[in-house]
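Chains as they are written, first to last, in this note's numbering: chain A, 418 to 588; chain B, 323 to 682. The C-beta atom is built at its ideal place from N, Cα and C for all residues, glycine as well.
Put into structure tokens, the structure is as follows:
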């Protein structure tokens with residue numbers, strides 16, 4: 418037989434199972450009776466599942482210790498300050514953030530301005546880095562025909578980027 | 323430019339007095355931006371934060387829009403200087419309280435400001451007197467695009483510009499207008515307006531933002547959501563709501579003139595009397611009296627040219643400006659004397675109210 422569901426907050430057997438639909442997204446949570454009581458779930462005058470989910474993800478047992486790998490910020494820190502530690506936190510804490518965004522904003526996807534110049538610069542930079550790695554590997558492995566091709570490609574990318582960025586300065 | 327030169331030159335907001343901007347005193351837009359792969363100011367260690375600040379300030383100060391402007395670390399400003407910048411709506415209170423590693427860059431004409439290491443690495447702001455969303459958006463959009471040339475922003479295709487607080491996520495935009503709504507206040511309709519505006523997902527605050535009171539019947543109204551809608555959409559939406567509020571205010575004025583002109587003229591006439599003859603005025607009372615004079619200008623009771631004077635006094639009667647004018651630090655009670663003196667001098671020159679436009 419399958420294990421009975423455990424409470425998301427304290428790992429005791431869960432007897433209260435909740436499903437809430439917020440902005441057409443389904444959020445599920447399982448609680449033991451004591452936790453359900455403590456969180457006011459049995460109080461029909463409204464509670465926020467998003468809030469509960471937030472607390473559930475803070476619990477190291479089911480969700481694991483959520484910590485941003487880039488800056489060391491924890492879910493606990495977010496709970497305390499309402500702010501994140503660094504841009505990468507948005508990837509690490511997306512499970513915690515997504516239900517909050519639904520209530521916070523008009524939509525959950527960006528439809529506004531895009532930093533085109535910065536993104537183009539980044540793509541270019543990444544492409545050059547990749548080509549240079551390829552070039553070095555080719556030289557090491559003595560695949561000189563490949564190396565020549567990579568070198569030409571690098572020169573081509575650099576020269577095609579050159580005049581373009583020059584033109585944008587004039588604008 | 324030095325801080326003292328900047329303080330000595332009048333704020334952008336104290337100038338333009340087009341009658342079109344009668345109800346809307348000021349338009350402001352800010353954008354929240356952050357550097358890619360750097361901890362946000364609230365989480366960065368001091369040394370890192372200072373390094374980020376120097377990098378940002380260098381990039382911002384090099385922009386053509388900031389030519390001959392002011393660029394300073396916040397710790398180089400004294401308390402009074404900071405207060406004056408807050409009273410001119412150039413910097414936030416939060417930036418004043420920043421302990422170290424924050425900075426500010428202000429354009430020479432005081433319309434463009436970039437706060438560095440406030441809640442976000444960059445808070446770009448453009449403000450202008452009057453109802454000017456199109457112009458302000460065009461200016462700030464260009465400023466942001468120019469800055470992007472030199473700085474890699476934290477950006478996600480799905481979530482947009484990444485900000486320290488998820489409430490600013492996406493466009494990072496906060497567009498706001500400062501509105502003078504005396505008739506809605508006098509006729510007790512402001513609660514209704516605030517409720518309606520809140521329901522539309524917008525915020526209403528007092529003159530100095532969060533937590534400040536609405537002395538002078540001045541309110542700041544701004545968008546609250548930033549994700550899921552384009553900048554232009556957000557601005558258009560806000561503009562529509564603000565235009566409706568302007569109409570409501572103008573209707574309320576007409577209604578007051580129709581139903582009880584004596585009460586309205588009494589308020590305006592008394593305000594004039596106190597401003598000409600008062601000896602003790604705190605800033606709240608001064609704001610409320612000035613607000614009535616401004617309403618009088620709009621109704622043709624005082625000359626149109628006086629609107630600019632009142633708008634300037636709204637700012638110059640604030641505690642920081644009063645102390646700066648008197649060149650010293652003064653207790654509130656002493657400031658009330660100084661403020662009343664300043665207003666007496668200012669209003670002695672003003673022609674007496676002409677109530678003849680009154681219908682009855």
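Please state the DSSP three-state secondary structure of residue i.
i, result
"residue 528 of chain B", "strand"
"residue 477 of chain B", "strand"
"residue 430 of chain A", "strand"
"residue 499 of chain A", "coil"
"residue 692 of chain B", "Only positions 323 to 682 of chain B appear in this structure, which leaves residue 692 of chain B out of reach."
"residue 449 of chain B", "strand"
"residue 522 of chain A", "coil"
"residue 540 of chain A", "helix"
"residue 424 of chain A", "coil"
"residue 498 of chain B", "strand"
"residue 541 of chain B", "strand"
"residue 394 of chain B", "strand"
"residue 575 of chain A", "helix"
"residue 508 of chain B", "helix"
"residue 489 of chain A", "coil"
"residue 513 of chain A", "helix"
"residue 435 of chain A", "strand"
"residue 436 of chain B", "strand"
"residue 484 of chain A", "strand"
"residue 570 of chain A", "helix"
"residue 462 of chain A", "Only weak support exists for where residue 462 of chain A lies, its pLDDT of 43 falling under 50; the value from the coordinates is given anyway. Three-state result, residue 462 of chain A: coil."
Whose C-alpha, out of the options, is nearest the C-alpha of residue i?
i, options, result
"residue 344 of chain B", "B/656, B/615, B/554", "B/615"
"residue 661 of chain B", "B/671, B/674, B/672, B/638", "B/638"
"residue 503 of chain A", "B/676, B/620, B/600, B/486", "B/486"
"residue 496 of chain B", "B/670, B/568, B/547", "B/547"
"residue 625 of chain B", "B/592, B/678, B/607", "B/678"
"residue 387 of chain B", "B/469, B/480, B/561", "B/469"
"residue 326 of chain B", "B/442, B/346, B/505, B/646", "B/646"
"residue 537 of chain B", "B/558, B/602, B/591, B/512", "B/512"
"residue 314 of chain B", "B/364, B/640, B/564, B/648", "This structure gives no information on residue 314 of chain B, because the portion of chain B shown stretches from 323 to 682."
"residue 510 of chain B", "B/465, B/562, B/588, B/578", "B/578"
"residue 439 of chain B", "B/429, B/479, B/391, B/378", "B/378"
"residue 485 of chain A", "A/527, A/449, A/532, A/507", "A/507"
"residue 455 of chain B", "B/429, B/427, B/562, B/529", "B/562"
"residue 532 of chain A", "B/422, B/413, B/463", "B/463"
"residue 351 of chain B", "B/656, B/422, B/460", "B/460"
Under the rule that 16 or more other beta-carbon atoms within 10 Å means buried, what is residue i, buried or exposed?
i, result
"residue 454 of chain A", "exposed"
"residue 433 of chain B", "buried"
"residue 665 of chain B", "buried"
"residue 434 of chain A", "exposed"
"residue 561 of chain A", "exposed"
"residue 489 of chain B", "buried"
"residue 425 of chain A", "buried"
"residue 628 of chain B", "buried"
"residue 333 of chain B", "buried"
"residue 509 of chain A", "buried"
"residue 397 of chain B", "exposed"
"residue 409 of chain B", "buried"
"residue 497 of chain A", "exposed"
"residue 355 of chain B", "buried"
With the cut-off set at 8 Å, would you say residue i and residue j are in Cβ contact?
i, j, result
"residue 353 of chain B", "residue 494 of chain B", "yes"
"residue 519 of chain B", "residue 543 of chain B", "yes"
"residue 451 of chain B", "residue 348 of chain B", "yes"
"residue 374 of chain B", "residue 402 of chain B", "no"
"residue 503 of chain B", "residue 571 of chain B", "yes"
"residue 370 of chain B", "residue 361 of chain B", "yes"
"residue 499 of chain B", "residue 659 of chain B", "no"
"residue 571 of chain A", "residue 541 of chain A", "no"
"residue 411 of chain B", "residue 449 of chain B", "yes"
"residue 596 of chain B", "residue 611 of chain B", "yes"
"residue 511 of chain A", "residue 550 of chain B", "no"
"residue 473 of chain B", "residue 381 of chain B", "yes"
"residue 559 of chain B", "residue 406 of chain B", "no"
"residue 427 of chain B", "residue 383 of chain B", "yes"
Starting from residue i, follow the alpha helix (DSSP H) in both directions and report where the run begins and ends.
i, result
"residue 515 of chain B", "512-521"
"residue 330 of chain B", "325-330"
"residue 606 of chain B", "605-620"
"residue 637 of chain B", "628-638"
"residue 492 of chain B", "Looking at the DSSP string, residue 492 of chain B is not in any alpha helix (DSSP H), and its letter there is neither H nor E."
"residue 642 of chain B", "641-647"
"residue 651 of chain B", "Unbroken run through residue 651 of chain B: none, as it is neither H nor E."
Can you tell me where the beta strand (DSSP E) holding residue i begins and where it ends?
i, result
"residue 590 of chain B", "From DSSP, residue 590 of chain B is part of no beta strand (DSSP E) but of the alpha helix (DSSP H) over 583-599."
"residue 669 of chain B", "No beta strand (DSSP E) holds residue 669 of chain B; the alpha helix (DSSP H) holding it covers 654-670."
"residue 351 of chain B", "346-355"
"residue 425 of chain B", "425-428"
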